[in-house]
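Right, one structure below, let's go through it.
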Ligand code: PEP
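In my numbering, the protein residues as written are 4 to 265.
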């Protein structure tokens with residue numbers, strides 16, 4: 004039985020004051036015991052969030068990390084080992100802006116815009132090498148969905164990691180299906196649209212290793228709110244959500260976490 008997970012991606016939001024308020028709201032939430040809850044603040048506030056959430060069972064992750072595991076001469080980057088040192092346990096992979104840069108665009112997802120998967124795969128591997136759990140974000144653009152290419156695109160994004168790192172890499176990772184057209188747009192994939200992609204992801208993994216496929220958590224991300232979470236999380240292959248905008252409101256985020264515990 005997979006344990007549901009709800010993770011909040013705060014993206015580039017917050018100030019010390021608003022983060023303190025959000026921490027306070029999170030501290031007061033009654034969270035369901037059967038759900039893993041995590042937040043991904045901007046890097047600047049990771050220490051503040053880790054200190055502020057001490058004693059509360061909410062994990063903290065980073066929104067990005069470097070391609071090298073250990074410290075080194077990479078200006079402006081943060082090594083996964085430094086994130087571990089700060090107290091992080093997770094990191095998002097494949098959400099970083101670049102190329103079009105739209106909405107934390109899909110540049111690192113590769114395959115979707117003709118880019119390579121190299122940087123993304125190296126970040127995934129470097130994070131795992133340090134003991135961080137990578138949350139691999141995959142998803143198609145609207146153009147690709149309308150062209151009927153969703154499963155092909157997502158399959159390629161996943162396949163590249165399987166080829167390079169082996170399916171075993173997913174024994175200790177989370178996958179988030181986030182259709183680019185649904186991120187921050189207010190458009191949500193229907194539960195059935197999301198389920199169809201999640202099922203295909205699980206089948207792709209199962210073709211290599213059924214145990215890994217059964218165990219890996221597949222989160223849906225894209226305009227999830229308390230109002231649509233129950234229906235989405237009720238689908239058999241949706242194990243929770245990666246929440247953007249709605250995670251900036253502690254009460255709304257708490258309601259989404261509770262929806263995953265139903
Ligand atoms: C996200 O940033 O991962 C996300 C899914 O955003 P939103 O929920 O705002 O669409």
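Glycine included, C-beta positions come from ideal geometry on N, C-alpha and C.
Since we're looking at a predicted model, the values are computed, not measured.
Extent of the continuous alpha helix (DSSP H) to which residue i belongs
{"i": "residue 260", "result": "253-263"}
{"i": "residue 203", "result": "194-209"}
{"i": "residue 187", "result": "No alpha helix (DSSP H) contains residue 187, which DSSP labels as neither H nor E."}
Alpha-carbon spacing of residue i relative to residue j, whole angstroms
{"i": "residue 114", "j": "residue 157", "result": "Model confidence at residue 114 stands at a pLDDT of 43, short of 50, so the residue's coordinates are unreliable; what they give is reported in the following sentence. The straight-line gap from Cα to Cα measures roughly 9 Å."}
{"i": "residue 9", "j": "residue 257", "result": "10 Å"}
{"i": "residue 206", "j": "residue 59", "result": "35 Å"}
{"i": "residue 219", "j": "residue 252", "result": "28 Å"}
{"i": "residue 149", "j": "residue 193", "result": "15 Å"}
{"i": "residue 130", "j": "residue 87", "result": "9 Å"}
{"i": "residue 81", "j": "residue 74", "result": "8 Å"}
{"i": "residue 56", "j": "residue 4", "result": "28 Å"}
{"i": "residue 108", "j": "residue 183", "result": "Caution applies to residue 108, whose pLDDT of 49 falls short of 50 and renders its modelled position unreliable; the value that the coordinates give is listed next. In a straight line, the C-alpha of residue 108 is about 7 Å away from that of residue 183."}
{"i": "residue 244", "j": "residue 223", "result": "5 Å"}
{"i": "residue 136", "j": "residue 151", "result": "31 Å"}
{"i": "residue 213", "j": "residue 84", "result": "31 Å"}
{"i": "residue 235", "j": "residue 191", "result": "10 Å"}
{"i": "residue 92", "j": "residue 160", "result": "23 Å"}
{"i": "residue 255", "j": "residue 31", "result": "13 Å"}
{"i": "residue 127", "j": "residue 96", "result": "6 Å"}
The beta strand (DSSP E) enclosing residue i, as first and last residue numbers
{"i": "residue 64", "result": "61-65"}
{"i": "residue 39", "result": "39-43"}
Contact test: residue i Cβ vs the ligand PEP heavy atom, cutoff 7 Å
{"i": "residue 227", "result": "yes"}
{"i": "residue 224", "result": "yes"}
{"i": "residue 181", "result": "yes"}
{"i": "residue 178", "result": "no"}
{"i": "residue 185", "result": "yes"}
{"i": "residue 259", "result": "no"}
{"i": "residue 245", "result": "yes"}
{"i": "residue 192", "result": "no"}
{"i": "residue 12", "result": "yes"}
{"i": "residue 249", "result": "yes"}
Integer-rounded CB distance, given that residue j should sit under 8 Å from residue i
{"i": "residue 180", "j": "residue 221", "result": "6 Å"}
{"i": "residue 215", "j": "residue 173", "result": "5 Å"}
{"i": "residue 65", "j": "residue 49", "result": "6 Å"}
{"i": "residue 177", "j": "residue 138", "result": "5 Å"}
Beta bridge counterpart(s) of residue i as assigned by DSSP
{"i": "residue 95", "result": "138"}
{"i": "residue 180", "result": "141, 223"}
{"i": "residue 10", "result": "41, 245"}
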